[in-house]
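K.L.:
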Amino acid sequence: MRVRVKHNANGKIRFLSHRDTAGVWERVIRRAKLPIAYTEGFHTRPKLHFGLALSVGHESDAEYLDIDLRETMPLDGLAELLSDLMPPGLDICEVGEVLDRSGSLQQMVDSVVWECVVPTGADGITDRLGEILASETHPIDVIRKSKPTSIDLRPVISSVESHRDSSDELTLLVELLTSGRSVRPAEFLTALEADVPLVRVRRRHQFIASDHGPLTPMHPDVLAPLARSGVG
Amino acid sequence: MTSIWPLVEPLLARVAKPARYIGCEDGAPNPIHSPDKVAWLFIYPDTYEIGLPNQGLQILTEIVNERPDAVAERTYAPWTDLEAEMRAAGVPLFSLDTHRPAGEFDIMGFNLSAELTYTNLLNCIDLAGVPVRSAERVLTDPIIAVGGHCTFNPEPIADFVDIVVLGDGEEVIGEITEVVGEWKRAGCADRLSVLRALAGVDGVYVPALYEAAYTPEGLLSGTHPTDPAAPATVQKRTIADLGEWPYPREQLVPLTEVVHDRLNVEVFRGCTRGCRFCQAGMITRPVRERPADQVRTMVVEGLRRTGYDEVALTSLSTADFSGIGDVVREIVEDPGNCGQVSVSLPSLRVDAFTVGIAAEIQKARRTGLTFAPEAGTWRMRQVINKLISEEDLYAAVESAFSQGWRRMKLYFLIGLPTETDEDTLGIIELARRCVEIGKKHHSSASITVSVGGFVPKPHTPFQWFGQNTSTELQRKVNLLRDAARRHRGVDLKWHDPNATLVEGIMSRGDRRIGRVIEEAWRAGGTFQEWSECFRLDVWLDAMATAGIEVDDVVYRHRTEHEALPWDHLSAGLHRDFLWQDWRDALAEVGLPDCRWTPCYDCGACTGYSIEHVVASATPPAGGSQGTGQDLANGVSVPVVLLPRSPAGVT
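Taken in order, these protein sequences are the chains called A and B. At position 123 of the first sequence the residue is numbered 123 (this note's numbering), and the sequence of numbers has no breaks. At position 416 of the second sequence the residue is numbered 416 (this note's numbering), and the sequence of numbers has no breaks.
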């Protein structure tokens with residue numbers, strides 16, 4: 001049985017790395033005594049499949065991982081059980097059984113919506129954003145696999161909304177495509193010449209493109225697409 | 001006193017590994033502060049990764065938080081990047097649990113396990129906004145307390161700390177809390193009055209109430225109390241029964257990477273193997289075993305609570321725990337285990353019996369095996385009283401290679417008393433023969449030889465010995481390196497002789513070394529345990545500024561009746577016992593383990609009316625190490641054994 005879990009990451013624990021979070025999950029699953037499946041071989045590992053990594057310092061409303069169990073179990077109460085064992089700031093929002101096991105979370109997700117809150121005094125940012133959106137291409141310098149390289153930022157930006165609240169903070173809601181060459185929110189913010197460490201970044205959604213529009217990884221049609229084709 | 005997290009948070013976005021500064025671990029305290037409670041901040045003066053697993057601080061934090069009249073939090077030294085951000089932003093050292101400023105706690109309690117962290121001690125005090133010199137502190141400043149093995153010679157840091165605690169902390173921590181609580185409730189009159197009251201607590205040393213005197217030639221002549229409240233000699237504290245202290249009950253489970261990231265259960269405290277170089281074995285006597293039932297309970301409950309899949313049974317020599325084989329088998333085979341549980345035994349004894357246990361418990365993860373013969377020849381091992389015969393070592397190695405290990409690590413010391421080049425080169429000869437044994441089983445068999453320079457420590461029989469110069473240690477390293485090159489499969493690693501030199505300055509230094517530490521700290525010499533941060537020039541400059549010769553402090557042999565900087569502090573050991581053991585060392589005479597043989601009155605038990613607590617009066621089977629007996633059959637030791645008889649002579 002494969003179980004998909006959606007969780008958030010808020011407050012102090014936003015400073016955990018992806019690897020740290022993986023370690024926390026391994027221990028929590030043992031504490032919850034879930035009948036987790038282990039890999040074969042000499043050095044066995046629990047079968048956990050993590051979604052897209054969240055950079056250190058970012059918060060999230062929408063993290064996903066898949067857990068393989070040796071046997072089926074009812075999912076009632078599982079979210080509460082796991083939330084109780086997690087560090088403060090990490091709560092399980094939703095769980096669901098994955099019936100179609102053909103895709104991995106990392107490959108399936110096509111876009112991520114990020115909320116970036118830029119503190120006051122960020123006047124030039126909307127101008128630079130307008131310039132980028134008006135351009136055909138906007139190459140940026142990034143590091144990939146320890147090597148400097150260039151990526152065109154423009155086609156990665158799917159959509160952007162921005163608004164200023166009463167405290168003069170600028171909030172950007174940007175959807176960045178993750179299929180193909182992806183760009184990190186920090187790199188997007190650097191292109192806007194924002195003071196990146198001062199910007200609060202939160203992953204709001206992860207989406208999978210479909211004929212019926214974007215679906216979340218927890219959408220019934222994603223968990224069980226065969227059932228959907230039976231209906232349709 | 002409130003949280004300064006909003007000030008800390010923006011800094012964390014700019015530093016490496018910010019998860020080290022957030023707290024939030026499972027088991028972390030969430031204490032309710034109030035003005036009438038004594039607030040302790042426990043600090044390990046090195047990084048989070050090194051400091052978090054420290055069991056001593058975890059034990060004390062729990063014991064304090066169980067009290068209705070006190071609260072405890074903890075913190076560690078911020079790495080240099082965060083320190084720079086904190087200083088630039090004016091953010092003080094903070095606690096990790098509720099992110100309160102360190103300077104607002106009543107007591108800052110440091111664990112000192114390594115001399116090279118002394119500059120970090122000063123740095124943490126300074127980052128807290130507290131004057132580094134105790135004489136300059138005012139009423140509102142926290143009391144700076146230190147404990148841990150280094151405090152058996154606290155003279156180099158005497159000017160910076162307010163109180164020094166000797167020995168086991170479990171009981172004395174409560175007594176200190178009560179004294180400070182009473183002082184607070186009485187309105188915190190003056191600072192001297194609380195320090196004088198603390199000097200009346202057994203095991204507590206208040207350096208400001210003592211004065212060091214020197215001869216016209218500049219030698220120390222003694223350290224004496226200047227205040228009637230201070231005892232002439234401060235005795236260490238020892239808990240009689242480890243079974244009464246099943247701590248930590250809720251071991252911290254870090255969210256990010258640390259060393260020793262596993263459940264740790266202390267199975268006994270103290271060691272009487274009697275290795276003469278080993279300060280830990282001398283100052284933690286006698287042996288006090290935890291009851292086996294309690295060990296099992298702590299393991300089962302600890303694994304269940306933490307979710308760890310690995311447990312370490314810790315002590316100074318875990319294979320010596322009575323019935324160790326049964327205990328580890330029961331842990332591994334417990335039906336309640338969720339997935340595979342592995343047991344690690346730090347500090348393996350060198351014999352085939354021990355390897356047998358290791359083979360049984362490491363079925364799944366056959367990681368490395370490490371042995372510590374410490375010296376390359378039998379003669380040298382008699383000098384240091386580490387009585388491992390070559391037969392024991394080769395049997396252990398044969399057993400390990402035949403059971404699937406391909407690599408082993410052997411620890412050695414160089415620069416030991418009476419060491420000749422033949423002894424030094426004996427290290428490579430031992431390693432070469434071990435590789436030869438390994439090649440019979442695997443073509444890729446290899447031995448990693450790890451050598452460290454010997455630093456004589458206070459309260460050991462070698463406290464009178466003049467440390468090898470760094471030049472001499474480097475010469476010995478070169479000898480070893482050249483010899484190791486000739487043998488495939490022998491890999492040599494060594495500790496920087498310059499770091500050994502600096503450790504030597506602080507190991508046996510007197511109060512005059514305080515100036516050196518302060519100078520080195522002011523010159524930016526923090527994190528000296530880290531090779532990438534270690535700076536010899538800072539220390540040599542500081543020594544020159546203070547007008548102190550390395551030769552006088554480090555390289556000089558001490559004479560029998562010379563005053564030592566720690567003479568007014570006692571680990572229970574009689575000075576004449578240590579001196580006799582030093583003479584025996586030079587005569588290459590071994591001394592048996594008193595846990596299984598009659599008492600030779602070192603003073604550690606008799607002085608405090610305590611005894612060994614061991615479940616088995618029979619020494620472990622299968623090795624001669626340290627007992628001077630043929631234990632091949634596991635027979636009990638004859639009742640009558642002359643004290644000081646030559647042991648294990650072949």
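Every residue, glycine too, gets a C-beta built ideally from N, C-alpha and C.
For the segment 27 to 39 of chain A against the segment 161 to 172 of chain A, do three or more pairs of beta-carbon atoms, one drawn from each stretch, fall closer than 8 Å, so that the two count as touching?
P.N.:
As far as the Cβ criterion goes, the segment 27 to 39 of chain A does not touch the segment 161 to 172 of chain A, which means the pair count is below three.
K.L.:
Thinking C-beta only, is alanine 319 of chain B closer than 8 Å to arginine 349 of chain B?
P.N.:
Result yes, Cβ atoms of arginine 349 of chain B and alanine 319 of chain B sit closer than 8 Å.
K.L.:
Using the three-state DSSP reduction, which class does glutamine 206 of chain A fall into: helix, strand or coil?
P.N.:
Three-state result, glutamine 206 of chain A: strand.
K.L.:
In chain order, what residues of the segment 130 to 141 of chain A put their CB closer than 9 Å to some CB of chain B?
P.N.:
Within the segment 130 to 141 of chain A, no residue qualifies.
K.L.:
Listed from N- to C-terminal order along the chain, which residues in the segment 31 to 65 of chain A have their beta-carbon within a distance smaller than 8 Å of any beta-carbon of chain B?
P.N.:
Here the close residues are Arg31, Lys33, Ile36, Tyr38, Phe42, His43, Thr44, Pro46, Val56 and Gly57.
K.L.:
Please classify lysine 386 of chain B: is it buried, with 16 or more other beta-carbons within 10 angstroms of its beta-carbon, or exposed?
P.N.:
Buried, because 16 or more other Cβ atoms sit within 10 Å of the Cβ of lysine 386 of chain B.
K.L.:
Name, going along the chain, the residues of the segment 78 to 112 of chain A whose beta-carbon falls closer than 7 Å to a beta-carbon of chain B.
P.N.:
Listed by position along the chain: Pro87 and Pro88.
K.L.:
Can you give me, in chain order, the residues of the segment 3 to 14 of chain A that have a beta carbon less than 7 Å from any beta carbon in chain B?
P.N.:
Hits within the stretch, in order: Lys12 and Ile13.
K.L.:
Could you tell me whether the Cβ atoms of asparagine 498 of chain B and serine 470 of chain B are closer together than 8 Å?
P.N.:
Yes.
K.L.:
Strictly below 7 Å CB to CB, what residues from chain A border alanine 13 of chain B?
P.N.:
Gly57 and Pro197, listed in chain order.
K.L.:
Fully enclosed by the segment 154 to 231 of chain B, which beta strand (DSSP E) runs are 3 residues long or longer?
P.N.:
Here the runs fully enclosed are 163 to 165, 210 to 214 and 220 to 225.
K.L.:
Under 7 Å Cβ to Cβ from lysine 37 of chain B, same chain only, skipping five residues before and after it: list those, please.
P.N.:
So the list reads Asp69, Ala70 and Val71, once near-sequence residues are dropped.
K.L.:
Give a yes or no on contact between the segment 229 to 239 of chain B and the segment 196 to 216 of chain B, applying the rule of three or more CB pairs nearer than 8 Å.
P.N.:
Yes, they touch.
K.L.:
Excluding sequence positions up to five away, which residues of its chain have a Cβ less than 8 Å from the Cβ of alanine 400 of chain B?
P.N.:
Excluding positions up to five away in sequence, the list reads Val355, Ala358, Ala359, Leu369 and Met408.
K.L.:
Does DSSP classify serine 402 of chain B as helix, strand or coil?
P.N.:
DSSP places serine 402 of chain B in helix when its eight states are reduced to three.
K.L.:
Quick test of your reading: glycine 466 of chain B and tyrosine 555 of chain B, contact by CB under 8 Å. State the CB separation rounded to the nearest angstrom.
P.N.:
Indeed, because the Cβ distance is near 5 Å, the residues count as touching under 8 Å.
K.L.:
Residues of chain B with CB closer than 7 Å to the CB of arginine 27 of chain A, please, in chain order.
P.N.:
Those are Val253, Thr306, Gly307 and Tyr308, listed as they occur along chain B.
K.L.:
Count the C-beta pairs between the segment 194 to 201 of chain A and the segment 105 to 122 of chain A that are closer than 8 Å, then say yes if the count reaches three, no if not.
P.N.:
With the cut-off at 8 Å, the segment 194 to 201 of chain A and the segment 105 to 122 of chain A touch.
K.L.:
Of all the options B:Val172, B:Thr98, B:Trp579 and B:Thr256, which has the alpha carbon lying nearest to the alpha carbon of leucine 16 of chain A?
P.N.:
The shortest Cα separation from leucine 16 of chain A among B:Val172, B:Thr98, B:Trp579 and B:Thr256 belongs to B:Thr256.
K.L.:
Under a Cβ-count criterion, where at least 16 other Cβ atoms within 10 Å of its own Cβ denotes burial, should alanine 77 of chain B be classed as buried or exposed?
P.N.:
The residue in question, alanine 77 of chain B, is buried, as its Cβ has 16 or more Cβ neighbours within 10 Å.
K.L.:
Excluding five sequence neighbours on each side, which residues of the same chain lie with their C-beta closer than 6 Å to the C-beta of arginine 133 of chain B?
P.N.:
These residues qualify, in order along the chain: Asp159.
K.L.:
In its own chain, which residues sit with a C-beta less than 7 Å from the C-beta of glycine 124 of chain A, not counting the 5 before and 5 after it?
P.N.:
For glycine 124 of chain A, where only same-chain residues beyond five positions count, the Cβ hits under 7 Å are Glu193.
K.L.:
Measuring only the C-alpha atoms, how far is tyrosine 48 of chain B from tyrosine 308 of chain B?
P.N.:
Their backbone Cα atoms lie some 19 Å apart in a straight line.
K.L.:
Where does tyrosine 21 of chain B fall in DSSP's three states?
P.N.:
Helix.
K.L.:
Leaving out five residues before and five after glycine 27 of chain B in sequence, what residues of the same chain have Cβ atoms less than 7 Å from its Cβ?
P.N.:
Only Glu250, Gln251, Leu252 and Val253 meet the Cβ criterion.
K.L.:
Tell me the rounded alpha-carbon separation between proline 458 of chain B and glutamate 170 of chain B.
P.N.:
If you take the alpha carbons of proline 458 of chain B and glutamate 170 of chain B, they lie about 23 Å apart.
K.L.:
According to the neighbour-count rule (16 or more other Cβ atoms, all chains shown, within 10 Å of its Cβ), is leucine 60 of chain B buried or exposed?
P.N.:
So leucine 60 of chain B ends up on the buried side.
K.L.:
What is the rounded straight-line gap between the Cα of aspartate 537 of chain B and the Cα of leucine 121 of chain B?
P.N.:
Each residue's Cα considered, the two are about 20 Å apart.
K.L.:
Tell me which residues of the segment 326 to 339 of chain B have at least one Cβ-Cβ distance to chain A shorter than 7 Å, keeping chain order.
P.N.:
Going along the segment 326 to 339 of chain B in chain order, one finds Cys338 and Gly339 with a Cβ nearer than 7 Å to chain A.
K.L.:
Quick check on threonine 272 of chain B: does DSSP put it in helix, strand or coil?
P.N.:
Looking at threonine 272 of chain B - three-state DSSP - the assignment turns out to be coil, as it is neither helix nor strand.
K.L.:
What number of angstroms, rounded off, separates the C-alpha of leucine 176 of chain A from the C-alpha of glycine 243 of chain B?
P.N.:
Going from the Cα of leucine 176 of chain A to the Cα of glycine 243 of chain B covers about 59 Å.
K.L.:
Beta carbon of glutamate 266 of chain B, beta carbon of valine 614 of chain B: below 8 Å?
P.N.:
No, the Cβ-Cβ distance between glutamate 266 of chain B and valine 614 of chain B is not below 8 Å.
K.L.:
Between the Cα of threonine 215 of chain B and the Cα atoms of B:Leu564, B:Arg269, B:Thr420 and B:Arg191, which residue gives the shortest distance?
P.N.:
The residue with the shortest Cα to Cα distance from threonine 215 of chain B is B:Leu564.
K.L.:
Assuming contact is defined by CB atoms lying nearer than 8 Å, are leucine 139 of chain B and arginine 191 of chain B in contact in what I supplied?
P.N.:
A contact, by the Cβ cut-off of 8 Å.
K.L.:
Work out the CA separation of tyrosine 64 of chain A and threonine 460 of chain B for me, nearest whole Å.
P.N.:
Whole-angstrom Cα-Cα distance: 57 Å.
K.L.:
If we ignore side chains and look at the alpha-carbon of each, how far apart do serine 322 of chain B and valine 449 of chain B end up?
P.N.:
Each residue's Cα considered, the two are about 30 Å apart.
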